[in-house]
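S.K.: Here full-length UniProt numbering is used: the first residue of the sequence shown is 1, the next is one more, and so on. For each residue, glycine too, the CB sits at the ideal point set by N, CA and C.
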Amino acid sequence: MMTFAGRFGALVPLLRGTTQFIKCAVLSGAKELLPATGKTRPWGLRLTIQSNVNVPPGGIRLAHTDIKIPDFTDYRRPEVTDPNKSSQDSSDARRAFSYLFTGATTVVGVYAAKTVVSQFVSSMSASADVLALSKIEIKLNEIPEGKNMTFKWRGKPLFVRHRTEKEIAAEEAVNLAELRDPQHDKDRVLNPSWVIVLGVCTHLGCVPIANAGDFGGYYCPCHGSHYDASGRIRKGPAPLNLEVPYYEFPDDDTVVVG
1 MMTFAGRFGA LVPLLRGTTQ FIKCAVLSGA KELLPATGKT RPWGLRLTIQ SNVNVPPGGI
61 RLAHTDIKIP DFTDYRRPEV TDPNKSSQDS SDARRAFSYL FTGATTVVGV YAAKTVVSQF
121 VSSMSASADV LALSKIEIKL NEIPEGKNMT FKWRGKPLFV RHRTEKEIAA EEAVNLAELR
181 DPQHDKDRVL NPSWVIVLGV CTHLGCVPIA NAGDFGGYYC PCHGSHYDAS GRIRKGPAPL
241 NLEVPYYEFP DDDTVVVG
């Protein structure tokens, strides 16, 4: 349609008003395709050429040469600005420059990302005063045998129990099949004479009472949970044993928790 409008745009107004009449004629000896009805039309066939394109008489020029191509000379490298010189002669040098620039940019970007991530992680770490409170040093020679002392560690009560030989033997002889949270006594202590656990009941977080209960260990007065001298749950609603924090013995008379 666009080609027709471009070529015959000036003749469209004339073609709209042109009508050609073709008279009906029957050749002699031709076989009739339709039965004769005895009626004939007083007019002939009319052929009309119409176009829906409203084109001015001047026409429209559609050519690819009318499109202006942008000039990218200012953005091209000097090696490829000469149209009479093959760009393949300098392709290796240009490719090497591109690789070098990409590699340098990647190294700088990775180093910058590392710096940003390191600063972000260090900003989230605990401060010096918090780290100082995260550990506690306890003098064991101040706790008599058979007694339990409570300390505050990270905002929670910490139980340090100096067990007797009788308590050690009794806890090591407990049948694991009878325990709700099976755990051997040797797996809960580094030194059999010392039991170090958090004084927080595993049921609802109450603070148990030391040297109390049916098993001589700890008793939670809130809901009646009984723990033995190793901090293992033996009776009551608590589902788990008392938590054992990380600790170490720098010497025989000192323990560092945390």
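Going along the chain, which residues of its own chain have a beta-carbon closer than 7 Å to the beta-carbon of VAL197, five neighbours each way excluded?
M.R.: Taken in chain order, the residues that qualify are PHE159, GLY231, LEU242, GLU243 and VAL244.
S.K.: Quick one: is ASN148 buried, meaning 16 or more other Cβ sit within 10 Å of its Cβ, or exposed?
M.R.: Buried is the call here.
S.K.: In terms of residues, what are the limits of the alpha helix (DSSP H) holding GLU165?
M.R.: First-last of the alpha helix (DSSP H) with GLU165: 165–172.
S.K.: Bridge partners of ILE136, per DSSP?
M.R.: According to DSSP, ILE136 bridges with VAL257.
S.K.: Report the three-state DSSP secondary structure of TYR218 (helix, strand or coil).
M.R.: Strand.
S.K.: So, helix, strand or coil for PRO78, using DSSP?
M.R.: Helix at PRO78.
S.K.: What's the C-alpha gap between GLU171 and GLN119?
M.R.: Answer to the nearest angstrom: the Cα atoms are 49 Å apart.
S.K.: Going by DSSP in three states, SER125 sits in which element: helix, strand or coil?
M.R.: Of the three classes helix, strand and coil, the one that applies to SER125 here is coil, per DSSP.
S.K.: What would DSSP say about HIS162, mapped onto helix, strand or coil?
M.R.: Strand at HIS162.
S.K.: Closer than 7 Å by C-beta to GLY224: which residues in its own chain qualify, once you throw out the five before and the five after it? Chain order, please.
M.R.: For GLY224, where only same-chain residues beyond five positions count, the Cβ hits under 7 Å are GLY236.
S.K.: For the beta strand (DSSP E) that contains THR150, what are its first and last residues?
M.R.: Start and end: 148–153.
S.K.: Between which residues of its own chain and GLU248 is the CB-CB distance below 8 Å, once the five residues before and five after are set aside?
M.R.: Once the five neighbours on either side are set aside, the close Cβ partners of GLU248 are LEU190, VAL255 and VAL256.
S.K.: Which residue wins for smallest C-alpha separation from HIS184, given the options ILE233, PHE72, GLN88 and PRO250?
M.R.: The shortest Cα separation from HIS184 among ILE233, PHE72, GLN88 and PRO250 belongs to ILE233.
S.K.: Please name the residue, chosen from THR150, PHE215 and ILE209, that lies closest to LEU179 on a Cα-to-Cα basis.
M.R.: The candidate whose alpha carbon is nearest that of LEU179 is PHE215.
S.K.: Runs of 3 residues minimum, wholly inside the region 179–239: which ones carry the beta strand (DSSP E) assignment?
M.R.: Listed in chain order, the complete beta strand (DSSP E) runs (minimum 3 residues) inside the region 179–239 are 194–198, 218–220, 225–227 and 233–235.
S.K.: Go ahead and pull the three-state DSSP assignment for PHE72.
M.R.: DSSP places PHE72 in coil when its eight states are reduced to three.
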